Amino acid sequence: MFDLTSKIALVTGGNGGIGLGMARGLGQSGATVLIVGRNAEKSASALRELQSVGVRAESLACDVTDEAAVQALFAQVRNRHGRLDILVNNAGSTVRKPPQDFTLAEWNQVMDVNLTSAFLCARAAHPLMVQAGAGKIINIGSIMSIFGAPYAPAYCASKGAMVQFTKSLATAWAKDNIQVNTVLPGWIDTELTQGARAQVPGLNERVLARTPAARWGVPEDLAGVAVFLASKASDFVTGTAIPVDGGYASA
Ligand code: NDP
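With our numbering, the residue at position 71 of the sequence shown is 75, and numbering never jumps.
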């Protein structure tokens, strides 16, 4: 039910953090994993890590906010593999400051990386999935798809919008046998949140006190949900948002 043998999976931001955790899970379930990022050194190290645990993986360089680059990326996938079964829209970033201090450029940058990239990649993946007769799209939201944060107006807006974008794709593409869901990670220990811990005083203690599981998540905590949403096990699951947060959203 969870076997992904012969599937091709593309993970944006798969060269680090949560993306790499999901890429490892998908790969260990049998998929060939294409990890996408901009930083060549990070991508090379992630590739070595995946290959060292027996995962078939390739790295592809792309800025997923660039429309032409995304089109070229998916053309490359078509040429090399002839198919795409699983797309994980995981690339993300943030600018930490209160709303009144945001510039338009900062706002647009966060929206482009977190939201518009998912539109560009999903649109480019659609014909490949139609051709395959099936597809799985996993969008990465956040607990900030649900909750607000004073230092993250664009991040919260983009992640809230991701949930609605997912529902729209799910309803549009159900007829193509493409299931689209969002994962809402809680506080996960990655480069992104190491930055937050450094910039936001008391964050570490607040996360530990507020999370029922009483720990930060690790990227591997996202592997299981990725495999579920990429596999036959979730063929009747679409348009939903699944928290993976140690109970944070329920507390
Ligand atoms: P990281 O900063 O560790 O990873 C983000 C990844 O996105 C990097 O691998 C980066 O690769 C890639 N990326 C960023 N911008 C671009 C771009 N323009 N084009 C291509 N790739 C890009 O963060 P996380 O692993 O923590 O975050 C992954 C996702 O999970 C994000 O969407 C984030 O919002 C979400 N999330 C994270 C949470 C957490 O607690 N960590 C909680 C909830 C959600 P490169 O540097 O090579 O460009």
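Positions of the beta carbon are idealized from the N, C-alpha and C atoms, including for glycine. Model, not experiment: these values are computed from the prediction.
Q. Which two residues bound the contiguous beta strand (DSSP E) that contains P247?
A. Counting from one through the sequence shown, the residue named residue 247 turns up at place 243. Counting along the chain, the beta strand (DSSP E) containing P247 begins and ends at A245 to V248.
**Q.** heavy atom of the ligand NDP below 6 Å from D180 C-beta
**A.** If you number the sequence shown from 1, residue 180 lands on position 176. For the ligand NDP, not one heavy atom lies less than 6 Å from the Cβ of D180.
Q.
Cutting at 6 Å between CB atoms, please list the residues of its own chain near V134, excluding the five before and the five after it.
A. On the sequence shown, position 130 is the one that residue 134 refers to. Around V134: D180.
Q | Nearest to C66 (by Cα), restricted to the options R87, R100 and V15 | A | Along the sequence shown, one-based indexing puts residue 66 at 62. When only C-alpha atoms are compared, the closest one is V15.
**Q.** Backbone secondary structure at A61 - three-state DSSP
**A.** Looking up residue 61 in the sequence shown gives position 57. Looking at A61 - three-state DSSP - the assignment turns out to be strand.
Q | T194, buried or exposed, once every other Cβ within 10 Å from all chains shown has been counted against 16 | A | Taking the sequence shown and counting its residues from 1, one reaches residue 194 at position 190. So T194 counts as buried.
Q. Measuring from the CB of I192, is there a heavy atom of the ligand NDP at a distance below 6 Å?
A. Along the sequence shown, read from residue 1 onward, the residue named residue 192 stands at position 188. True, at least one ligand heavy atom lies under 6 Å from that Cβ.
Q | Span of the alpha helix (DSSP H) around V211 | A | Position 207 of the sequence shown, counted from the start, is the residue given in the question as residue 211. Element bounds for V211: L207 to R214.
Q.
Let me check understanding here. Comparing Cα to Cα, which of G29, Q55, A129 and M5 lies closest to L173?
A. Within the sequence shown, the letter at position 169 stands for residue 173. For the residues G29, Q55, A129 and M5, the minimum Cα distance to L173 belongs to A129.
Q: Consider the C-beta atom of R42 and the heavy atoms of the ligand NDP; say whether any pair is separated by less than 6 Å.
A: For the purposes of this step, residue 42 is taken as the residue at position 38 of the sequence shown. Yes.
(Q) Let's test the definition: count the other Cβ atoms within 10 Å of the Cβ of F232 and tell me whether it reaches 16, buried, or not, exposed. (A) Residue mapping note: residue 232 aligns to position 228 of the sequence shown, counting from 1. Its Cβ being crowded by 16 or more others within 10 Å, F232 is buried.
(Q) Taking the beta strand (DSSP E) that N143 belongs to, which residues open and close that run? (A) In the sequence shown, counting from the first residue as 1, residue 143 sits at position 139. Residues G139 to I144.
(Q) Going by DSSP, what residue range makes up the alpha helix (DSSP H) through L77? (A) Start at 1 with the first residue of the sequence shown, and residue 77 comes out as number 73. That run of the alpha helix (DSSP H) goes E71 to H85.
Q: Label R28 either buried or exposed according to how many other C-beta atoms from any shown protein chain fall within 10 Å of its C-beta, with 16 as the threshold for buried.
A: Position 24 of the sequence shown, counted from the first residue, corresponds to residue 28. Answer is buried; the Cβ neighbour count reaches 16.
Q. In terms of residues, what are the limits of the alpha helix (DSSP H) holding Q113?
A. As a first step, residue 113 is located in the sequence shown; it is residue number 109 there, counting from the start. Taken as a continuous stretch (DSSP letters only), the alpha helix (DSSP H) holding Q113 covers L108 to M115.
Q | G139 versus W111: straight-line alpha-carbon distance, rounded | A | Here residue 139 is taken as the residue at index 135 of the sequence shown, counted from 1. Here residue 111 is taken as the residue at index 107 of the sequence shown, counted from 1. About 31 Å.
Q) How about A35 and L51: do their beta carbons lie closer than 7 Å? A) In the sequence shown, the residue the question calls residue 35 occupies position 31. In the sequence shown, the residue the question calls residue 51 occupies position 47. Not closer than 7 Å, so no.
Q.
Just checking T197 against the ligand NDP - is the residue's beta carbon closer than 6 Å to any of the ligand's heavy atoms?
A. Counting from 1 along the sequence shown, the entry for residue 197 is found at position 193. Yes; taking the cut-off as 6 Å, the Cβ of T197 has a heavy atom of the ligand NDP nearer than that.
Q) So which of S121, F78, S254 and L91 has the shortest CA-CA distance to K11? A) Here the question's residue 11 lines up with position 7 in the sequence shown. For K11, the nearest C-alpha among the options comes from L91.
Q) Quick one: what's got a C-beta closer than 6 Å to I182's C-beta in the same chain, skipping five residues either side? A) Taking the sequence shown and counting its residues from 1, one reaches residue 182 at position 178. Around I182: M133 and G139.
Q | Residue(s) in a DSSP beta bridge with A35 | A | Against the sequence shown, residue 35 aligns to sequence position 31. Per DSSP, none; premise fails for A35.
Q. Can we say the stretch 140 to 159 touches the stretch 77 to 95, given the rule of at least three CB pairs closer than 8 Å?
A. Output reads yes: the stretch 77 to 95 touches the stretch 140 to 159.
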